[in-house]
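Heads up, the thing below is written out as structure tokens.
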Amino acid sequence: MSYVVNPPAPVSIPVAGKAERFPVRRIYCVGRNYEEHAKEMGFTGREPPFFFMKPADAIVVVNAGETGTIPYPSLTQNLHHEIELVVAIGAGGKNIAAADAHKHIYGYAVGLDMTRRDLQNEMKKQGRPWCIGKAFDQSAPIGPITPAAQAGDVNNAEIYLQVNGTDRQRSTVAKLIWNIGETIEHLSTAWELQPGDLIFTGTPEGVAAVVRGDTMLGSVGGLGELRVKVA
Ligand code: MN
Numbered sequence: 474m475s476y477v478v479n480p481p482a483p484v485s486i487p488v489a490g491k492a493e494r495f496p497v498r499r500i501y502c503v504g505r506n507y508e509e510h511a512k513e514m515g516f517t518g519r520e521p522p523f524f525f526m527k528p529a530d531a532i533v534v535v536n537a538g539e540t541g542t543i544p545y546p547s548l549t550q551n552l553h554h555e556i557e558l559v560v561a562i563g564a565g566g567k568n569i570a571a572a573d574a575h576k577h578i579y580g581y582a583v584g585l586d587m588t589r590r591d592l593q594n595e596m597k598k599q600g601r602p603w604c605i606g607k608a609f610d611q612s613a614p615i616g617p618i619t620p621a622a623q624a625g626d627v628n629n630a631e632i633y634l635q636v637n638g639t640d641r642q643r644s645t646v647a648k649l650i651w652n653i654g655e656t657i658e659h660l661s662t663a664w665e666l667q668p669g670d671l672i673f674t675g676t677p678e679g680v681a682a683v684v685r686g687d688t689m690l691g692s693v694g695g696l697g698e699l700r701v702k703v704a
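For the sequence shown, the numbering used here begins at 474 and goes up steadily by one.
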């Protein structure tokens, strides 16, 4: 096969304890999936889950024990951190029942849904798509994927994010409005999931701005630490 321009390099994420990597197909993200975060965004209560996407090449892989770097992105004056549990899909399907969702999960990772909040808010106000606020280059730093069997009880895992050593976000995955199974159930009615898909499951309260020079340190349960510096 030859191409008229160079094809993009495939995006992949290391897997804890394995030489083989996880290839990324799509990145789905759940909006406002923790009640206290929904409130700080100006909403209340449980609403049906809704989704947005990031391009696969927004991924910034951070290897275990390393500090990743992202550039401060263009056009924003209000870059927010959102620490999230990420689900990696290993077996595809559509109309997956919540009770069967675990059969489709390869593993889990710690991710950051970086957000140009000022641009997202402007798009919300105008009823326009969120892409410019959410789906920009290098907006999805992520650590290695831990296979489900070694990930422990992610549904009840502590989730936190510190900036320069100070707590910003701290909660538990148990507070998800739509849990992992329910999220996969809803998502798979709208799209047919495929191996390689990632789901950013939402962020707890405490989202706030980072500036150049800040270092973010986040974790979810036993999935390891994700450390990212804003350059
Ligand atoms: Mn998010």
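Every residue, glycine too, gets a C-beta built ideally from N, C-alpha and C.
Measuring only the C-alpha atoms, how far is residue i from residue j?
{"i": "PRO614", "j": "LYS607", "result": "13 Å"}
{"i": "ILE543", "j": "THR688", "result": "10 Å"}
{"i": "THR639", "j": "LYS702", "result": "14 Å"}
{"i": "HIS510", "j": "ALA492", "result": "37 Å"}
{"i": "ARG685", "j": "PRO481", "result": "29 Å"}
{"i": "CYS502", "j": "LYS527", "result": "8 Å"}
For residue i, collect the residues of the same chain with a Cβ closer than 8 Å to its Cβ; drop the 5 residues on either side in sequence, then sort them by chain order.
{"i": "GLY697", "result": "ALA489, ALA537, VAL583, GLY616, PRO617 and THR619"}
Is the distance from the Cβ of residue i to the Cβ of residue j below 8 Å?
{"i": "LYS648", "j": "GLU508", "result": "yes"}
{"i": "VAL534", "j": "PRO487", "result": "yes"}
{"i": "VAL627", "j": "VAL693", "result": "yes"}
{"i": "LEU660", "j": "PHE524", "result": "yes"}
{"i": "THR674", "j": "THR656", "result": "yes"}
{"i": "ALA561", "j": "ILE653", "result": "no"}
Is the beta carbon of residue i within less than 7 Å of some heavy atom of the ligand MN?
{"i": "CYS604", "result": "no"}
{"i": "GLU595", "result": "no"}
{"i": "GLU557", "result": "yes"}
{"i": "ASP670", "result": "no"}
{"i": "ASP591", "result": "no"}
Given residue i, which residues of its chain have a CB within under 6 Å of its CB, disregarding the five upstream and five downstream residues?
{"i": "ARG590", "result": "ASN551 and HIS553"}
{"i": "ALA681", "result": "ARG641"}
{"i": "PHE609", "result": "PRO546"}
So, at 7 Å on beta carbons, what are the nonlocal neighbours of residue i in its own chain, with the 5 sequence-adjacent residues on each side left out?
{"i": "MET514", "result": "ARG505"}
{"i": "ALA529", "result": "VAL484, VAL497, ARG498, ARG499 and ILE500"}
{"i": "ALA564", "result": "LYS576, HIS577 and PRO668"}
Any heavy atom of the ligand ATP closer than 7 Å to the Cβ of residue i?
{"i": "GLY675", "result": "Only the ligand MN can be found as ligands here, which leaves the ligand ATP out of the picture."}
Does residue i pass the burial test, meaning 16 or more other C-beta atoms within 10 Å, or should it be called exposed?
{"i": "LYS567", "result": "exposed"}
{"i": "SER644", "result": "buried"}
{"i": "MET587", "result": "buried"}
{"i": "GLU577", "result": "A small fix is needed here, since residue 577 is His in this sequence, not Glu. Result: buried."}
{"i": "GLY669", "result": "buried"}
{"i": "PHE495", "result": "buried"}
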